[in-house]
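Before any comments, here is the structure.
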DNA sequence: ACGATCGATAAGCTCTGCTGATGGCGATGG
DNA sequence: CCATCGCCATCAGCAGAGCTTATCGATCGT
């Protein structure tokens with residue numbers, strides 16, 4: 001189970017071709033063929049069906065393992081190398097769009113910071129591999145409960161903010177006049193599916209304990225402004241933290257009253273944040 | 001970052017000796033020395049201080065990564081190999097002691113089952129590496145909340161049982177007459193620290209939001225009978241599911257009224273449970 | 001002060017793991 | 001229906017990775 005073999009295996013599976021994988025990895029086709037053969041011999045099972053090239057059941061299973069495994073390996077490597085190398089000058093922060101609330105923005109130093117907006121699942125990977133010094137992930141959770149994050153490496157997490165959530169409705173919506181809304185009442189409404197910008201709909205289903213939450217329009221960007229514009233235009237509802245739905249023209253934000261969930265933001269960092277990163281951690285987390 | 005090198009590195013660090021690690025791994029001392037040197041060259045940092053042999057800061061960090069990494073690798077390997085190999089006849093179940101509640105016991109087939117009681121953290125590893133077909137982990141959680149388990153591999157979890165928890169008190173205890181108890185009122189009592197048999201005390205601290213929960217006696221076994229005997233003898237309190245504290249002579253079980261937590265049992269299994277395992281999963285999980 | 005032990009280093013050998021060439025097989029097109 | 005092309009498997013050959021044996025300097029205990 002040499003990681004090299006694993007890497008060529010996943011490349012072959014992804015490209016569905018031995019030759020293409022060889023080109024991509026800088027090997028000859030022969031070497032790739034031997035890699036896969038050696039893996040199959042080692043595991044005692046066929047991993048790929050040839051002609052056309054497609055993973056077998058065992059191969060599919062190995063693929064599920066291989067991704068996280070290689071990611072963790074890279075993370076471990078990057079983490080240790082980073083300790084030894086000279087600390088890079090700037091400070092990079094990876095965050096989901098709604099994680100950049102007022103509390104976070106106030107804690108940032110005046111200069112030298114790079115902010116990188118990424119999809120939810122990419123944040124732990126970025127922090128673990130050193131692509132970012134700090135990560136900020138937002139999600140829906142019961143009050144004071146931690147978020148569930150994939151653990152690619154031993155990272156430290158701290159809750160930094162909890163905000164009530166509101167439903168963003170176009171101004172003319174029948175429910176726009178309400179004082180509060182229950183999530184269950186909205187299960188059959190049309191929703192915006194914006195997994196990288198807002199909260200993914202399956203988090204809503206989980207919080208509500210089921211429900212349809214039909215996606216009416218899928219938005220794959222990370223831009224909140226576009227998302228609110230889509231909501232204003234009536235393409236669907238979306239759930240956002242209160243601080244983000246303050247004054248969006250053409251919309252009304254109605255607080256969510258049930259279930260009792262909050263928009264929780266968590267800060268994550270590796271074992272030894274640099275000086276600048278440590279400063280921010282202290283500011284955001286407080287005395288903890 | 002060859003896993004072999006990683007393995008020798010952790011062995012050297014564990015044994016604090018190059019020569020001893022060489023003996024343990026079946027290499028010569030020279031080979032071990034070269035392994036470590038090659039790792040250090042690759043990562044560009046000293047990992048071990050020699051004479052005496054102890055990990056450096058970077059080495060400590062690498063050690064944190066190495067354990068889960070090697071475990072995951074072994075899990076991946078075992079998982080794929082298992083798919084190909086002939087299914088073993090029996091069925092092995094790994095469980096924490098309190099996870100074997102009445103609901104679980106009723107679902108077991110009459111014969112061919114091996115039950116193995118393990119510490120909490122070992123269960124996911126056992127299931128992932130094929131040491132067990134199914135795992136049962138019990139822990140404290142808010143009602144209907146999932147437990148937090150370490151993810152060594154892509155495993156599937158299902159909640160199978162939730163029970164109220166009770167505090168086990170010796171018969172003569174001042175609080176033994178109460179109808180219910182609040183966890184906060186017991187923070188300063190003497191507790192049994194039995195991480196492998198009952199719930200670890202830090203879970204109590206987490207559930208209570210702090211508190212001392214001083215360990216008076218530490219019990220490292222997994223035997224519930226011994227644990228209840230210790231509790232009866234007044235060596236400390238312990239928290240157990242109601243079904244486990246029914247009629248322990250010399251003790252009184254008082255329900256816990258606050259915070260609202262339950263003793264939750266979760267079933268976990270790999271991607272493709274065998275026929276017998278699948279049967280149990282269906283019985284325990286129901287229609288889900 | 002001396003012997004024992006430990007880790008680093010050098011030299012040599014073996015076998016892994018790569019390349020380049022060739023062959024079988026299936027798909028495509030005239 | 002056959003020629004051609006592209007794909008993957010296999011073979012032979014070679015460079016180097018990786019192990020062992022041998023030896024040295026340093027450290028510790030007696």
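Protein chains in written order, with UniProt numbering: chain A, 1 to 288; chain B, 1 to 288. Cβ coordinates follow ideal geometry from the N, Cα and C atoms, glycine included.
When you compare each of the options to residue i by their alpha carbons, which one comes out closest?
i                      : options                    : result
residue 154 of chain B : B:177, B:13, B:272, B:240  : B:272
residue 187 of chain B : B:213, B:124, B:165        : B:213
residue 136 of chain B : B:75, B:50, B:157, B:165   : B:157
residue 197 of chain A : A:116, A:40, A:165, A:120  : A:120
residue 129 of chain B : B:109, B:104, B:77         : B:77
residue 52 of chain A  : A:85, A:70, A:264, A:18    : A:18
residue 253 of chain A : A:177, A:268, A:261, A:282 : A:177
residue 69 of chain A  : A:43, A:151, A:261, A:206  : A:151
residue 173 of chain B : B:35, B:164, B:189, B:143  : B:189
residue 164 of chain A : A:13, A:45, A:229, A:264   : A:264
residue 230 of chain B : B:168, B:184, B:261        : B:168
residue 285 of chain B : B:162, B:143, B:118        : B:162
residue 234 of chain B : B:111, B:217, B:270        : B:217
residue 147 of chain B : B:39, B:84, B:262          : B:262
residue 96 of chain A  : A:27, A:8, A:127, A:179    : A:127
residue 38 of chain A  : A:8, A:56, A:27            : A:8
residue 166 of chain A : A:248, A:83, A:270, A:223  : A:248
residue 122 of chain B : B:245, B:222, B:236        : B:222
residue 85 of chain B  : A:56, A:13, A:43, A:85     : A:43
residue 199 of chain A : A:180, A:184, A:224        : A:224
Mind pulling the chain A residues with CB within less than 8 Å of residue i?
i                     : result
residue 64 of chain B : 154, 271
residue 44 of chain B : 81, 84, 85
residue 3 of chain B  : 1, 2, 3
residue 77 of chain B : 1, 43
residue 61 of chain B : 79, 80, 83, 271, 272
Who does residue i pair with in a DSSP beta bridge?
i                      : result
residue 265 of chain B : B:138, B:161
residue 234 of chain A : Beta-bridge pairing links residue 234 of chain A to no other residue.
residue 193 of chain B : B:218
residue 297 of chain A : Nothing can be reported for residue 297 of chain A: it is not among the residues displayed for chain A, which extend from 1 to 288.
residue 116 of chain B : B:94
residue 255 of chain A : A:166
residue 239 of chain A : A:167
residue 61 of chain B  : Paired residues: none, contrary to the question.
residue 11 of chain A  : The partner list for residue 11 of chain A (beta bridge, DSSP) is empty, contrary to what the question assumes.
residue 181 of chain B : B:256
residue 156 of chain A : A:269
Among the residues of its own chain, which have a CB less than 7 Å from the CB of residue i, if the five just before and after it don't count?
i                      : result
residue 201 of chain A : 191, 193, 213, 215
residue 24 of chain B  : 11, 15
Our contact map puts residue i next to residue j with C-beta atoms below 8 Å; I'd like the distance itself, whole angstroms only.
i                      : j                      : result
residue 81 of chain A  : residue 62 of chain B  : No, residue 81 of chain A and residue 62 of chain B are not in contact; Cβ-Cβ is about 10 Å, not under 8 Å.
residue 98 of chain A  : residue 116 of chain A : Not a contact, Cβ separation roughly 15 Å.
residue 208 of chain A : residue 259 of chain A : 7 Å
residue 238 of chain B : residue 227 of chain B : 6 Å
residue 140 of chain A : residue 203 of chain A : 5 Å
residue 133 of chain B : residue 274 of chain B : 6 Å
residue 47 of chain B  : residue 58 of chain B  : 6 Å
residue 22 of chain B  : residue 36 of chain B  : 11 Å between Cβ atoms; not a contact.
residue 131 of chain B : residue 75 of chain B  : About 10 Å; that fails the 8 Å criterion.
What residues in its chain sit with their C-beta under 6 Å from that of residue i, if we drop five residues either side in the sequence?
i                      : result
residue 232 of chain A : 170, 250, 251
residue 6 of chain B   : 66
residue 276 of chain A : 91
residue 195 of chain B : none
residue 149 of chain A : 124
residue 280 of chain B : 107
residue 211 of chain B : 187, 205
residue 29 of chain B  : 18, 19, 22
For residue i, go through chain B and note every residue whose CB falls closer than 7 Å to its CB, in chain order.
i                      : result
residue 57 of chain A  : 83
residue 151 of chain A : 151
Using a Cβ-Cβ cut-off of 8 Å (strictly less than) and excluding sequence neighbours within five positions of residue i, which residues of its own chain qualify?
i                      : result
residue 288 of chain B : Only weak support is given to the placement of residue 288 of chain B: the predicted model assigns it a pLDDT of 46, under 50, and the value that follows is read from those uncertain coordinates. The residues are 158.
residue 3 of chain A   : 69, 70, 73
residue 160 of chain A : 103, 104, 136, 265, 266, 267, 284, 285
residue 278 of chain A : none
residue 56 of chain B  : 45, 46, 47, 48, 49
Whose Cβ in chain B lies nearer than 8 Å to the Cβ of residue i?
i                     : result
residue 73 of chain A : 1, 69
Report whether the distance from the Cβ of residue i to the nearest heavy atom of the ligand FMN is below 8 Å.
i                     : result
residue 94 of chain A : Inclusion of the ligand FMN in the displayed structure is not the case, the ligand content being empty and no account of it being possible.
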